[in-house]
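Notes follow the structure.
Protein chains: 2
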Amino acid sequence: MPDIPMPQASSVTFLAERRLLHETVIDQLRDLIVQGELAPETKLNERVLAERLGTSRTPLREAIKFLASEGLVELLPNRGAVVAALKPEKMQEVFVVLGALEALAGDLACRNATEADIADIRALHYHMLAHHARGELAQYFRYNQQIHQRIIDCAGNATLAQAWRAMNAHVKRARYLANLSRERWDKAVKEHEDMIDALLKRDGARLQVLLRDHLSNKLVMVMEALQARKTEAAR
Amino acid sequence: MPDIPMPQASSVTFLAERRLLHETVIDQLRDLIVQGELAPETKLNERVLAERLGTSRTPLREAIKFLASEGLVELLPNRGAVVAALKPEKMQEVFVVLGALEALAGDLACRNATEADIADIRALHYHMLAHHARGELAQYFRYNQQIHQRIIDCAGNATLAQAWRAMNAHVKRARYLANLSRERWDKAVKEHEDMIDALLKRDGARLQVLLRDHLSNKLVMVMEALQARKTEAAR
DNA sequence: CAATTACTTTTTGTATGCAAAAATGCCGGA
DNA sequence: TCCGGCATTTTTGCATACAAAAAGTAATTG
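Residue numbers (my numbering), protein chains in the order written: chain B, 37 to 271; chain D, 37 to 271.
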């Protein structure tokens, strides 16, 4: 199975290649937050966390500042930092912005993507369909993300890509608690079919609309999941 | 003259109010970069800069990491950081993204702004006109920025506002080297007239288009200025 | 018993120290 | 003169030390 690598690089521009400690810490910490291992509103104890990541407080604090700018952690003066909350209102905001960014990317991608790009995305799409058919959610998500990422990349606008990644990180966080009904899942797949079709025809206007709708459906799912988590927490 | 304050806060969410050293350093450093006092591609010597800002290297380094995430500085592993370059290609990218964000904000603002909001923006507009009439460029820019900021704020989406601010910082940097011809200036003012009109009528669709066009004209000006600076540097 | 307060512990924020990497300068040789 | 290599200096990256603030705790008082 061809595994097209995600350019899951940190969003900064590093002119050289050697990895520095605080860079790896940024990525590790981001992963911990995105994957929910560090739950929303968890207090980040610097001493403990530094030990856990096998470093000292200095690089950790630098990483925290970096992620604060991405909005994944919040800084409380003289009281350290906490993992950003996962509030429904925030999610709504994020999805609105993400909708604008993806719509833009879709339009640009229809203009700028090479035939090879489109073929790649199409291939990813079929892999995704396969995992959907087998009910393999994790793998499905994986290819789903790759497709969206590739569309963004095809827009050929690195600044757009970076802004998208930052927003998307927030959405990814919510994904880990969304339990998809088969019905909704099927619908999402159907939407992807249409998107691929629009991309093949390079119909930017239509792809824009489809991406926006797709995201707004995704938002509904996330909101339900958040609601469920909330009532669960109240029990 | 009423001076409606810009909420020019750092983009992080601080739950308390006390200012910490590294926060002020973030803002100071950002200002130095945006206002061009630290020219693009300037190497940031930590020792020198820390002394200049009256602090030690630790808070400065934290601030640098924060601004790296905003894209205002670039990190070179083992070689410190430099002020981000002001490349034409980057500017084009930024303006495309900014166009999408402002268009979105304009649409939302037409729905969500209160009558008082619109009245405020209109007032700012007339102040701007006054400074334009007197040829006071700096003051004109000031009100211009405030108008755009207020439109974003009226969208009622803090996430959007933050993304916009980050992008706008890049544009602001370019502004300091754009010398506006009277002709272009008049045109920009005319565009603002139309924008205010659309906002008054709450015509979101039209405001979107106007904002996009306004920005694309602004991009042309910035590109010319960058070109001029380049040929100047070649002399 | 609740609440306040004094005291202790923990944690954060900042400065400094130290090692490793990069930049600089110097010298000799082609 | 120009280039390359070696030694020196500077600068960065990380760890640690120290001070200040917050959190926790226990004792005292109304």
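Where is the CB? At the ideal position from N, CA and C, for every residue including glycine.
Quick caveat, the model's predicted, so the values are computed rather than measured.
Nearest-angstrom Cα separation, counted from residue j out to residue i
| i | j | result |
| --- | --- | --- |
| B:S92 | D:S92 | 18 Å |
| B:V127 | B:H206 | This sequence places Met at residue 127 of chain B; Val is not what is there. About 8 Å. |
| D:D222 | B:R66 | 47 Å |
| B:A270 | B:E219 | 27 Å |
| D:A155 | B:A121 | 35 Å |
| B:S252 | B:I69 | 24 Å |
| B:A104 | B:A202 | 11 Å |
| B:T150 | B:E229 | 19 Å |
| B:L246 | B:M231 | 6 Å |
| B:E82 | B:G116 | 8 Å |
| D:N204 | B:A194 | 16 Å |
| B:E85 | B:H58 | It is Leu, not Glu, that sits at residue 85 of chain B in the sequence shown. Whole-angstrom Cα-Cα distance: 13 Å. |
| D:A273 | D:R178 | In the structure displayed, chain D extends from 37 to 271; residue 273 of chain D sits before or after that span and is not available. |
| B:Y176 | D:N180 | 47 Å |
| D:E138 | D:R248 | 7 Å |
| B:E227 | B:A234 | 11 Å |
| B:Q198 | D:Q198 | 14 Å |
| B:V130 | B:L262 | 14 Å |
| D:K79 | D:V118 | 4 Å |
| B:T60 | D:L196 | 28 Å |
| B:K95 | D:L89 | Looking at the sequence provided, one finds Pro at residue 95 of chain B rather than Lys. If I take the Cα positions, the gap works out to 21 Å. |
| B:L56 | D:A264 | 38 Å |
| D:M164 | B:D153 | 47 Å |
| B:W71 | B:L216 | Trp is not the amino acid found at residue 71 of chain B; the sequence shown has Gln there. Going from the Cα of B:Q71 to the Cα of B:L216 covers about 17 Å. |
Neighbour flag for residue i against chain B, beta carbons, 8 Å
| i | result |
| --- | --- |
| D:F102 | yes |
| D:N148 | no |
| D:K254 | no |
| D:K126 | yes |
| D:A166 | no |
| D:R66 | no |
| D:L137 | yes |
| D:S105 | yes |
| D:E73 | no |
| D:L57 | no |
| D:L122 | no |
| D:L80 | no |
| D:L140 | yes |
| D:A241 | no |
| D:A145 | no |
| D:T91 | no |
| D:A210 | no |
| D:A169 | no |
Residue i at chain D interface by Cβ criterion, 8 Å
| i | result |
| --- | --- |
| B:E77 | no |
| B:N193 | yes |
| B:A205 | no |
| B:R83 | no |
| B:R97 | yes |
| B:A86 | no |
| B:V119 | no |
| B:V133 | yes |
| B:V130 | yes |
| B:L196 | yes |
| B:T49 | At B:T49 the pLDDT is 39, less than 50, meaning the model places this residue with poor confidence; the figure from the coordinates comes in the next sentence. At least one chain D Cβ lies under 8 Å of B:T49. |
| B:A199 | yes |
Residue i CB to nearest heavy atom of the ligand SAM below 7 Å
| i | result |
| --- | --- |
| B:V258 | The ligand SAM is absent from the structure shown, which contains no ligands of any kind. |
Residues that residue i bridges to, as DSSP identifies them
| i | result |
| --- | --- |
| B:E110 | B:V118 |
| B:K79 | B:V118 |
Note to self: For the structure I just gave you, are there three or more beta carbon pairs, one from the region 206-218 of chain B and one from the region 255-266 of chain B, closer than 8 Å?
What the structure shows: yes
Margin query: Contact between the region 142-149 of chain D and the region 239-258 of chain D is defined here as three or more beta-carbon pairs at a separation below 8 Å; is this criterion met?
Written below: yes
Next item on the list: With a floor of 4 residues, list each alpha helix (DSSP H) that falls wholly inside the region 192-243 of chain B, ordered by position along the chain.
Entry: 194-211, 218-236
Notebook entry, point to check: Would you call the region 104-124 of chain D and the region 179-190 of chain D touching, i.e. three or more CB-CB distances under 8 Å?
Noted result: no
Note to self: Does the region 129-141 of chain B come into contact with the region 166-177 of chain B, if we say contact requires no fewer than three beta-carbon pairs (one atom in each stretch) closer than 8 Å?
What the structure shows: no
Notebook entry, point to check: Is there contact between the region 61-78 of chain B and the region 96-110 of chain B, where contact requires at least three CB pairs shorter than 8 Å?
Noted result: yes
Item checked: Segments of 4+ residues assigned as alpha helix (DSSP H) that fall wholly inside the region 119-151 of chain D -> 124-148
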